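Protein chains in written order, with numbering that gives the first Met the number 0: chain F, 0 to 701; chain G, 0 to 66. Even glycine gets a Cβ: it sits at the ideal position worked out from N, Cα and C. Model, not experiment: these values are computed from the prediction. Here the structure is laid out as structure tokens; the discussion comes afterwards.
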Amino acid sequence: MSAARLKIALVGNPNSGKSSVFNHLTGLNQKIGNFPGVTVEKRSGFSVLPDGTNAEIIDLPGIYSLYPRSLDERIVSEILLDHASPLCPDKVVVIADATNLKRSLLLLTQITDLGLPTVLALNMMDLVARAGISYDLQALSSELGIPVVPINARKGSGIEELKNVVSKPVELPAKNVFDIYTDLRLAVENVRERFKLDNDYEAYQFLQQPESLKFLNADGRAFLQNVSETYDFFPGKFQGAEAIHRYTFIQTLLDRVTLKAADLPWKKHTSAIDKILTHKVWGYVIFFAVLFLIFQSIFAWAAVPMDLIDRAFAGISHYFGQLLPSSMLTRLLTEGIIPGIGGIVIFVPQIAILFAFIALLEESGYMARVVFLMDKIMRKFGLNGKSIVPLMSGVACAIPAIMATRTIDNWKERTITIFVTPLMSCSARLPVFTILVALVVPDKSVIGLFSLQGLALMGLYLLGFAAAMLTALVMKYLVRVKERSYLLMELPAYRWPKWSNIGYTIVEKTKTFVFEAGKVILAISIVLWVLASYGPGEKFEKAREHVLIESANLRLTEEGLENRVAAYKLEHSYAGIIGKGIEPVIKPLGFDWKIGIALITSFAAREVFVGTVATIYSIGSDDDQTIKDRMREEINPDTGGPRFTPATAFSFLVFYTFAMQCMSTLAIVYRETKGWKWPLLQLAYMSALAYISSFAVFQLLS
Amino acid sequence: MKPGEIAIISGFSDEVLSVKLLEMGCLPGAPVRFNFTAPLGDPICISVLGYELSLRLEEAATISILN
Numbered sequence: 000m001s002a003a004r005l006k007i008a009l010v011g012n013p014n015s016g017k018s019s020v021f022n023h024l025t026g027l028n029q030k031i032g033n034f035p036g037v038t039v040e041k042r043s044g045f046s047v048l049p050d051g052t053n054a055e056i057i058d059l060p061g062i063y064s065l066y067p068r069s070l071d072e073r074i075v076s077e078i079l080l081d082h083a084s085p086l087c088p089d090k091v092v093v094i095a096d097a098t099n100l101k102r103s104l105l106l107l108t109q110i111t112d113l114g115l116p117t118v119l120a121l122n123m124m125d126l127v128a129r130a131g132i133s134y135d136l137q138a139l140s141s142e143l144g145i146p147v148v149p150i151n152a153r154k155g156s157g158i159e160e161l162k163n164v165v166s167k168p169v170e171l172p173a174k175n176v177f178d179i180y181t182d183l184r185l186a187v188e189n190v191r192e193r194f195k196l197d198n199d200y201e202a203y204q205f206l207q208q209p210e211s212l213k214f215l216n217a218d219g220r221a222f223l224q225n226v227s228e229t230y231d232f233f234p235g236k237f238q239g240a241e242a243i244h245r246y247t248f249i250q251t252l253l254d255r256v257t258l259k260a261a262d263l264p265w266k267k268h269t270s271a272i273d274k275i276l277t278h279k280v281w282g283y284v285i286f287f288a289v290l291f292l293i294f295q296s297i298f299a300w301a302a303v304p305m306d307l308i309d310r311a312f313a314g315i316s317h318y319f320g321q322l323l324p325s326s327m328l329t330r331l332l333t334e335g336i337i338p339g340i341g342g343i344v345i346f347v348p349q350i351a352i353l354f355a356f357i358a359l360l361e362e363s364g365y366m367a368r369v370v371f372l373m374d375k376i377m378r379k380f381g382l383n384g385k386s387i388v389p390l391m392s393g394v395a396c397a398i399p400a401i402m403a404t405r406t407i408d409n410w411k412e413r414t415i416t417i418f419v420t421p422l423m424s425c426s427a428r429l430p431v432f433t434i435l436v437a438l439v440v441p442d443k444s445v446i447g448l449f450s451l452q453g454l455a456l457m458g459l460y461l462l463g464f465a466a467a468m469l470t471a472l473v474m475k476y477l478v479r480v481k482e483r484s485y486l487l488m489e490l491p492a493y494r495w496p497k498w499s500n501i502g503y504t505i506v507e508k509t510k511t512f513v514f515e516a517g518k519v520i521l522a523i524s525i526v527l528w529v530l531a532s533y534g535p536g537e538k539f540e541k542a543r544e545h546v547l548i549e550s551a552n553l554r555l556t557e558e559g560l561e562n563r564v565a566a567y568k569l570e571h572s573y574a575g576i577i578g579k580g581i582e583p584v585i586k587p588l589g590f591d592w593k594i595g596i597a598l599i600t601s602f603a604a605r606e607v608f609v610g611t612v613a614t615i616y617s618i619g620s621d622d623d624q625t626i627k628d629r630m631r632e633e634i635n636p637d638t639g640g641p642r643f644t645p646a647t648a649f650s651f652l653v654f655y656t657f658a659m660q661c662m663s664t665l666a667i668v669y670r671e672t673k674g675w676k677w678p679l680l681q682l683a684y685m686s687a688l689a690y691i692s693s694f695a696v697f698q699l700l701s
Numbered sequence: 000m001k002p003g004e005i006a007i008i009s010g011f012s013d014e015v016l017s018v019k020l021l022e023m024g025c026l027p028g029a030p031v032r033f034n035f036t037a038p039l040g041d042p043i044c045i046s047v048l049g050y051e052l053s054l055r056l057e058e059a060a061t062i063s064i065l066n
């Protein structure tokens, strides 16, 4: 560890403007990772303080108290309690919403009692002035015994002063706010002695939340257990009394430092907006209008850049293909690696747009109202009001949707949400749906109004949604966790969003996706490329000769010949051999080995289906035919009839609705749940669901 | 309580939840205003300590009030 680096942690209530302060301090110099061993995202960055010190700034999750309510919040206690850990900050900056000073000071007094050098940053001083409140900041500082800096994180004022104060040595308050009860004095001393702690309150926290002390070994745990039993203590005891004690202290303090109290006892402005946004009818109308807008934007605005990215990568591949000598490595680069990277980058526009909207809704305070509106309905299905955002985002793409589940505090509800989100039909299923629906559903209209094809398409989306909700309902009873579900959520005042915060969110989420999920996607695309480009034996190597012999009496154009060679190679590649290998398994679903190849290649990403089918069915057809025509003309050798009967097509559609055919989703679930358990369960469940439903559909229809 | 009414908190009936409520500023003796309910009647929004807090009915039911 470099001695010059100062570690500073930002702590504060949710909605206190912590991330604005973080963005001001670090700029784009941010690094997103995970805290070791847990799923919680760790945001850290670097800042140079006025005296030249290099400081590492760590943004901790928003909390109301040191006693955690969710797994995400526990990380704060874990870091602040382990003074020996390399993550433990040298200094803490508590960011307080000055319009709600009383509540913020609860957390502040807990942190100063821990003996950590602390600076209080009073944010939203402009709103305080507007509400007619004024504080004697000097008195506040001397009463608390710590530096107090007024800031306005939205405008960035006071940030330089904050940096200044942080770079100087920070004194600790002379006296703790909360004195440990006499009954527990000896217990606390025992703990302090055993773990060589600097401070009584830290020792007290060891007794209060042993489950947050991941760094202790079994001996240490047993010791704590023992001490608790000896002194008739249990975690959670006196927590309420402690809060009351602190608030009494804070009330006395505020009485002394408040020069002028608020003009109005209750807020007026926000409740007027809430009358409309949480109205029985308008609340839902507005919510669905917002969803519709987001949905539309993701489809409409992302289409152009996605197309550009697609073409750009094709261009790059082509360019290198021409530039480099033809060799295995060149082909790996042009057919494996570059399209693989393209397959990652192509999701960037959707992720960026979706997160721009989510950040906008969160910054403005509307998101809390959506949760408020939907909580009762979602709870019936084992989900949380907060699950609505990921579920709706899942219609665009499951990857950003799963990333958006972080807002759900409750582990069980979050896991169920992650588990069912990929059942929502994402945009990558759309090309597969449209092509097959157009193939087997007649282009007619019902009652002269609704197109039958459109209805079929909508039915597929509803099928996915129904499957997601029913799965959630089943999981509600299967997943047993002792974590109580709370709502207890602040409805923050409506505010104009801060655009730079939204910008940072977009950059940060996109970066996370590209680097974290990207690694896995890239690896899998290379493996698939190898499987589809190489095959054993003479048939694969001499593909061209074989095709020339077979099609000697067909007058093929150069392009047609190339297509046939490609198809022949695919048939005899490893992927083709696997396709034939799984044919017995997929036959009851009405699929043959060619569809089998498509299933295998779509395992990495379902949108690959169209391309694969285009290659496979190029056998024995004219060059200028569309994929749809080729599929329509494909003959089933067993029956002599068309391969894609309605039974096969519907079976196939149902399969694609339910199957987990997206490496990127598995990669992101792995990242978000920090292990292979959930992604593998999800893969197994969705595959089984797809197989069984597909089987049922085929057997019923044929 | 009906929407718009103000009352004084007197205590809590659920020990675990009371800690959370206390931390969120629902203190015995503090005034609390019932603002409005969500369209389906649950959760509800209350004002306490100068800010707005939403909570489920079952959570709100653990708060006792003086009349």
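Practice problem: Identify the contact partners of Arg-68(F) in chain G, using a Cβ-Cβ distance below 8 Å as the criterion. | Solution: In chain order: Lys-19.
Quiz item: Val-31(G) and Val-18(G): beta carbons closer than 8 Å?
Solution: Not a contact, by the Cβ cut-off of 8 Å.
Exercise. Consult DSSP for Met-123(F) and reduce its assignment to one of helix, strand or coil.
Key: When secondary structure is reduced to three states using DSSP, Met-123(F) falls in the coil class, being assigned neither helix nor strand.
Quiz prompt | CB contact below 8 Å: Ala-37(G) versus chain F | solution = Judged by the 8 Å Cβ criterion, Ala-37(G) is in contact with chain F.
Quiz item: Could you check where the beta strand (DSSP E) with Asp-96(F) kicks off and where it finishes?
Solution: Per DSSP, the continuous beta strand (DSSP E) segment holding Asp-96(F) begins and ends at 90-96.
Practice problem: Kindly indicate which residue of Gly-502(F), Ala-427(F), Gly-393(F), Val-526(F) has the alpha-carbon position closest to the one of Phe-464(F). | Solution: Selected option, being the one with the closest Cα: Gly-393(F).
Quiz item: Do we get a CB-CB distance below 8 Å when we pair Asn-99(F) with the residues of chain G?
Solution: With 8 Å as the cut-off, Asn-99(F) counts as an interface residue toward chain G.
Quiz item: Using 8 Å as the Cβ pair cut-off and three pairs as the minimum, do the segment 398-407 of chain F and the segment 663-676 of chain F touch?
Solution: Verdict: yes, contact present.
Quiz prompt | Same chain, Cβ closer than 6 Å to Asp-123(F), five either side skipped, listed in chain order | solution = Looking at the sequence provided, one finds Met at residue 123(F) rather than Asp. Taken in chain order, the residues that qualify are Asp-96, Ala-97, Thr-98.
Quiz item: With a CB to CB cut of under 7 Å and the five nearest residues on each side skipped, what residues in its chain are close to Leu-10(G)?
Solution: Here residue 10(G) turns out to be Gly, not Leu, going by the sequence shown. Taken in chain order, the residues that qualify are Pro-27, Ser-63.
Practice problem: State the Cα-Cα distance for the pair Glu-570(F) and Gly-536(F), rounded to the nearest angstrom. | Solution: In this structure, the straight-line span from the alpha carbon of Glu-570(F) to that of Gly-536(F) is close to 12 Å.
Self-check item: First through last residue of the alpha helix (DSSP H) which encompasses Thr-656(F)
Solution: In the DSSP annotation of this structure, the continuous segment of the alpha helix (DSSP H) that includes Thr-656(F) starts and ends at 645-657.
Quiz item: Going by other Cβ atoms of all chains shown within 10 Å of its Cβ, with 16 needed for buried, is Ile-599(F) buried or exposed?
Solution: If you draw a 10 Å sphere on the C-beta of Ile-599(F), you find 16 or more other C-beta atoms in it, and that means buried.
Quiz item: What are the uninterrupted segments assigned as beta strand (DSSP E) that are 3 or more residues long and contained completely in the segment 442-506 of chain F, given in chain order?
Solution: The DSSP assignment places no complete beta strand (DSSP E) segment of no fewer than 3 residues inside the segment 442-506 of chain F.
Quiz item: Taking DSSP as the reference, what is the three-state secondary structure of Asn-12(F)?
Solution: Under the three-state reduction of DSSP output, Asn-12(F) falls in the coil class, being neither helix nor strand.
Practice problem: Using a cut-off of 8 Å between C-beta atoms, extract the partners of Phe-371(F) located in chain G. | Solution: Residues of chain G whose Cβ lies closer than 8 Å to the Cβ of Phe-371(F) are, in chain order, Ala-37, Pro-42, Cys-44, Ser-53.
Self-check item: Three-pair Cβ contact test at 8 Å for the segment 444-460 of chain F versus the segment 350-357 of chain F
Solution: These segments do not touch.
Practice problem: Using a Cβ-Cβ cut-off of 8 Å, state whether Lys-375(F) counts as contacting chain G. | Solution: Closer than 8 Å to some Cβ of chain G, the Cβ of Lys-375(F) qualifies, so yes.
Quiz item: Would you call the CB atoms of Leu-65(G) and Ala-29(G) closer than 8 Å?
Solution: Inclusion of Leu-65(G) and Ala-29(G) in the CB contact set at 8 Å is not warranted, their separation being larger than that value.
Exercise. At 8 Å on the CB atoms, spell out the chain F contacts of Leu-48(G), in chain order.
Key: Residues of chain F passing the Cβ test: Asn-99, Lys-101, Arg-102.
Quiz prompt | Close-in-space but distant-in-sequence residues of the same chain around Leu-372(F) (CB under 8 Å, 5 per side omitted) | solution = Only Thr-277, Gly-282, Tyr-283, Phe-286, Gly-384 meet the Cβ criterion.
Quiz item: What are the start and end residues of the beta strand (DSSP E) that includes Leu-258(F)?
Solution: For Leu-258(F), the enclosing beta strand (DSSP E) starts and ends at 257-259.
Quiz item: Are the segment 35-46 of chain G and the segment 73-82 of chain F in contact at 8 Å, needing three or more beta carbon pairs?
Solution: Touching, no, given that fewer than three Cβ pairs across the two stretches are closer than 8 Å.
Quiz item: CB Ser-43(F) to CB Leu-24(F), shorter than 8 Å?
Solution: No; because the gap between Cβ atoms is not below 8 Å, this pair is not in contact.
Quiz prompt | Proximity of Leu-48(F) and Ser-166(F) at Cβ, strictly below 8 Å | solution = Yes, Cβ-Cβ distance for Leu-48(F) and Ser-166(F) is below 8 Å.
Quiz item: To the nearest angstrom, how far is it from the Cα of Ile-45(G) to the Cα of Arg-245(F)?
Solution: Distance from the CA atom of Ile-45(G) to the CA atom of Arg-245(F), rounded to whole angstroms, is 23 Å.
Quiz item: Can you name the start and end residues of the beta strand (DSSP E) that Leu-86(F) belongs to?
Solution: Annotation for Leu-86(F): no beta strand (DSSP E) segment contains it, and DSSP assigns it neither H nor E.
Quiz item: Taking C-alpha atoms, which residue in Tyr-50(G), Asn-34(G), Ile-43(G) lies nearest to Glu-4(G)?
Solution: Minimum Cα distance to Glu-4(G) is reached at Asn-34(G).
Quiz item: If you follow the alpha helix (DSSP H) that Leu-171(F) is part of, which residue opens it and which one closes it?
Solution: Counting along the chain, Leu-171(F) falls outside any alpha helix (DSSP H), and DSSP gives it neither H nor E.
Quiz item: With DSSP run on the structure shown, which of helix, strand or coil describes Val-147(F)?
Solution: Three-state result, Val-147(F): strand.
Practice problem: Quick one: measure Cβ to Cβ for Ile-243(F) and Leu-105(F), integer angstroms, because I've assumed they're closer than 8 Å. | Solution: Contact between Ile-243(F) and Leu-105(F) does not hold, since their C-beta atoms are separated by about 10 Å, which reaches or exceeds 8 Å.
Quiz item: For the alpha helix (DSSP H) that contains Gly-10(G), what are its first and last residues?
Solution: No alpha helix (DSSP H) holds Gly-10(G); the beta strand (DSSP E) holding it covers 5-11.
Practice problem: Look up Val-226(F) in the DSSP assignment and say whether it is helix, strand or coil. | Solution: Judged by DSSP in its simplified three-state form, Val-226(F) adopts helix.
Practice problem: Measure the CB-CB distance between Asp-231(F) and Phe-177(F) and report whether it falls below 8 Å. | Solution: Between Asp-231(F) and Phe-177(F), the CB-CB gap reaches or exceeds 8 Å.
Self-check item: Neighbour flag for Ala-128(F) against chain G, beta carbons, 8 Å
Solution: Under the 8 Å criterion on CB atoms, Ala-128(F) is classed as non-interfacial with respect to chain G.
Practice problem: Below 8 Å between beta carbons is the criterion; list the residues of the segment 217-243 of chain F that meet it against any residue of chain G, in chain order. | Solution: Flagged, chain order: Gly-235, Gln-238, Gly-239, Ala-242, Ile-243.
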